[in-house]
Structures are given as C-alpha cells and as structure tokens.
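**Student:** Under full-length UniProt numbering, residues 1 to 275 are what the sequence shown spells out, in order. Input: one structure, supplied below.
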Amino acid sequence: MIQGTFNFDVIKAQIITAVTQYGGKIILAIVALIIGRFLIGKVTALVQTAMDKRKVDRDVQPFLNSLITVLLNVMLLLSIAGIVGIETSSFVAVLGAAGLAVGLALQGSLANFAGGVLILIFRPYRVGDLINAQGFTGIVEGVQIFNTVLVTPDNKTIILPNGPLSTSPVTNISGKGKIRVDMVFAAGSHNGVDKIRASVQRVVDACPTALKDIQHDILVTKLTENAIFFDVRVWTPSEYYWDTFYYVNEGISRQFAQDGIQAPKPAEVSVALKQ
C-alpha cells in the first residue's frame, strides 16, 4: 500500500514537472500554429491577387500557390518545433541533403521548370505570337511548364525546352501587332527607275494584307550598269507576314511581265548580290 502510494506520488510529481516545463511551450506552439496558419492564408491570398493583376497564366497559378503554401508550412512547422524545444538542425540538414540530391538528379528539368515559370510570369511571348528562337521560327502553340511548342510555317511541331529560352535571345516577331516585310527586287536598268517603282507600287497598293494607314517603302538600294535593285518594305498585321511576302513576290513577277519590265542579266544580278 505504501509502495503504491509512493508510485502515485512519483508519477504525479513527474506530471507536474512536465506540465511546468513544457506546458507553456505547448500553449505557445499552439498559438503560433493558429497565428501562422492565419498568416499563411493571408500571404497566399496576396500572392493570388498579385498573380491576377500581373495576368500570370491560369495553368501555373495553382502550382505556384501550392509551392508557396508548402514552403510556408514547412517553415511554420520548423518554427513550432523550435518553440517546443525539439532540435531542428538535424531536420534542416536532412531536408537540405534531400533537396541537393533531388536538385542534382533533376538539374536539367529544374532549369526548364524555372525557365517556364519565368516565361509564364514575365510573358516575353504569348500563345499565337510568331517568334524566332534557338534557330527556329514559328507560331507559339503552347507555353507549358517545361517546354514551349512552336508550329513552323510548313506545319512542323517544334518543342523547345524553356531553360535555354529564358536565358537566350528570343525575337518576338509579332509582339507589336504589326510587322514589316522586307524584300529585294531587281530589274534591268534600261526600264527606268520611275517605271519600275510605279509597277511595284501597283502591287503594294493592291495587296489585301498591306496596312493602308502607313507608308510603305520602295527604295533604290543599288545601281549597276545593267540593273536597278529595290528594297521593298511593306507593313502588315503580324499574322499575315507570309501572306504578304508571297503575294508581293508573285504580284511583282506578274506586274513586271504586264508592264513590259525586263529583268537584268542573270550574271549581273549574281555579281551584285555578292558585293
């Protein structure tokens, strides 16, 4: 009986000691958890609002929100563990080692992922834009988290990794909504500058995709003994670049024939273009 009473008193003393030692920390940890969860909710809401204002792609918003939420929750749990008195350095070391291992194993994919996030946030190009990148020219069909999909003028699908795209030059041909189509034409010098220019002007004026509210250029760029070279620069909506290019090329060929404008000697053209 005495032994049982003694054991009860020991247990009671241990409970009191534990409550005294850890009770305040546990209460503080619970308060920190409640406040931390509240603040995480506010932060994620602010991030969501910021992404909406910056018009971040809808496909990437849930992922970014989840990533931020997970990181904040990990930080909160580590903080609570520290409040309770649990040594967190070992957890941090394990997480760091695991992160390093995963990073080394997936460094190429992570670079493409990071590039995709940057592209989706800063939008150097959008779906439907005509771009030139990594030696390829095509219309952007899709911007995915790891890759950008292009469709070339001959209807080939090109898949480019986002990592290099985010760190190398990209020419957004259609970014401004209108584009200048540059072409060079040659005719025999005996036809006369005015006659050639008038013939080219008829084609440009008749081009259905050429902008009507902007000045197009028909400029003499080179004179030789037997040839006159013209730079023809026609402004058009970006999506009609190739339509304009092919229309003007074919139209000038037909118009020259109709107006009796003769071409220079082939040898003369070849020599002039090499100079």
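Beta carbons are placed, not taken as given, at the ideal position from N, Cα and C, and that holds for glycine.
1) Using the three-state DSSP reduction, which class does Glu225 fall into: helix, strand or coil?
2) With 16 as the cutoff for other CB atoms within 10 Å, does Ser253 come out buried or exposed?
3) Return the Cβ separation of Val170 and Asp231 in integer angstroms, given the expectation that the two are a contact with Cβ distance under 8 angstroms.
4) Within the segment 175-250, note down every full alpha helix (DSSP H) run reaching 4 residues or more, in order along the chain.
5) Do you know offhand how far Ile27's Cα is from Gln48's?
6) Pick helix, strand or coil for Val149, following the three-state DSSP scheme.
7) Just the Cα atoms here: how many angstroms apart are Gln262 and Asn112?
8) Count the other C-beta atoms from every protein chain shown that fall within 10 angstroms of the C-beta of Asn162, then say buried if there are 16 or more, exposed otherwise.
9) Could you pull out every residue in the same chain whose Cβ sits closer than 7 angstroms to the Cβ of Val149, ignoring the five residues on either side in sequence?
10) Enumerate in chain order the residues of its own chain whose CB-to-CB distance from Gly115 is below 8 angstroms, with the five nearest sequence positions on each side excluded.
11) Give the DSSP-derived three-state secondary structure of Asn155 in the structure shown.
12) Contact defined as beta carbons within less than 8 angstroms: I believe residue 300 pairs with Lys195. What is the distance between those atoms, to the nearest angstrom?
13) Measuring CA to CA, which of Ile35, Gly192 and Pro264 is closest to Ala186?
14) Looking only at its own chain, which residues have a Cβ that is under 6 angstroms from the Cβ of Asp259, when we skip the five neighbours before and after it?
15) Please classify Gly135: does DSSP put it in a helix, a strand, or coil?
16) Go to Gly163, then tell me how far its alpha helix (DSSP H) extends in each direction, as first and last residue.
17) Rounded to a whole number of angstroms, what is the C-alpha to C-alpha distance between Ile35 and Leu64?
18) In angstroms with no decimal places, state the Cα-to-Cα distance between Gly24 and Val70.
19) What is the rounded straight-line gap between the Cα of Ala206 and the Cα of Gly175?
20) Tell me which residues share the same chain as Val204 and place their Cβ nearer than 8 angstroms to its Cβ, disregarding the 5 neighbours each side in the sequence.
21) Measuring only the C-alpha atoms, how far is Lys55 from Leu67?
22) Is Val70 helix, strand or coil by DSSP?
**Tutor:** On the basis of the coordinates in this document:
1) Along the sequence shown, one-based indexing puts residue 225 at 225. Three-state result, Glu225: coil.
2) In the sequence shown, the residue the question calls residue 253 occupies position 253. Exposed, since its Cβ has fewer than 16 Cβ neighbours within 10 Å.
3) In the sequence shown, the residue the question calls residue 170 occupies position 170. In the sequence shown, the residue the question calls residue 231 occupies position 231. Not really, about 26 angstroms apart at Cβ, beyond 8 angstroms.
4) 193-206
5) The residue labelled residue 27 in the question sits at position 27 within the sequence shown. The residue labelled residue 48 in the question sits at position 48 within the sequence shown. Separation of Ile27 and Gln48 (C-alpha to C-alpha, rounded to the nearest whole angstrom) is 32 angstroms.
6) Against the sequence shown, residue 149 aligns to sequence position 149. The answer is strand: DSSP assigns Val149 an E or B state.
7) In the sequence shown, residue 262 corresponds to position 262, counting from 1. In the sequence shown, residue 112 corresponds to position 112, counting from 1. Distance between the alpha carbons of Gln262 and Asn112: 54 angstroms.
8) If you number the sequence shown from 1, residue 162 lands on position 162. Buried: at least 16 other Cβ atoms inside 10 Å.
9) The count along the sequence shown starts at 1 and reaches residue 149 at position 149. Closer than 7 angstroms at the Cβ level, and outside the excluded window around Val149, lie Glu141, Gly142, Thr157 and Ile159.
10) On the sequence shown, position 115 is the one that residue 115 refers to. Sequence-distant Cβ neighbours of Gly115 in its own chain, meaning closer than 8 angstroms and more than five residues away, are Pro161, Asn162, Gly163, Pro164, Leu165, Ser166 and Thr167.
11) For this step, residue 155 is matched to residue 155 along the sequence shown. The answer is coil: DSSP assigns Asn155 none of H, G, I, E or B.
12) In the structure displayed, the chain extends from 1 to 275; residue 300 sits before or after that span and is not available.
13) For the purposes of this step, residue 186 is identified with residue 186 of the sequence shown, where counting begins at 1. Comparing Cα positions, the closest option is Pro264.
14) As a first step, residue 259 must be located in the sequence shown, where it is residue number 259. Cβ within range, chain order: Ser199.
15) Indexing the sequence shown from 1 puts residue 135 at position 135. Coil at Gly135, not helix or strand.
16) The residue you call residue 163 lines up with position 163 of the sequence shown. Here the alpha helix (DSSP H) through Gly163 covers Asn162 to Thr167.
17) Counting from one through the sequence shown, the residue named residue 35 turns up at place 35. Counting from one through the sequence shown, the residue named residue 64 turns up at place 64. So the alpha carbons of these two residues sit roughly 22 angstroms apart.
18) The residue you call residue 24 lines up with position 24 of the sequence shown. The residue you call residue 70 lines up with position 70 of the sequence shown. The alpha-carbon atoms of Gly24 and Val70 are separated by roughly 27 angstroms.
19) Residue mapping note: residue 206 aligns to position 206 of the sequence shown, counting from 1. Residue mapping note: residue 175 aligns to position 175 of the sequence shown, counting from 1. Each residue's alpha carbon lies about 26 angstroms from the other.
20) What you label residue 204 is simply residue 204 of the sequence shown in a count that begins at 1. Taken in chain order, the residues that qualify are Ala210, His216, Ile218, Val232, Val234 and Val248.
21) Sequence index remark: in the sequence shown, residue 55 carries index 55 (1-based). Sequence index remark: in the sequence shown, residue 67 carries index 67 (1-based). Annotation: Lys55 to Leu67 spans about 18 angstroms, alpha carbon to alpha carbon.
22) As a working note, residue 70 is residue 70 in the sequence shown. It is helical.
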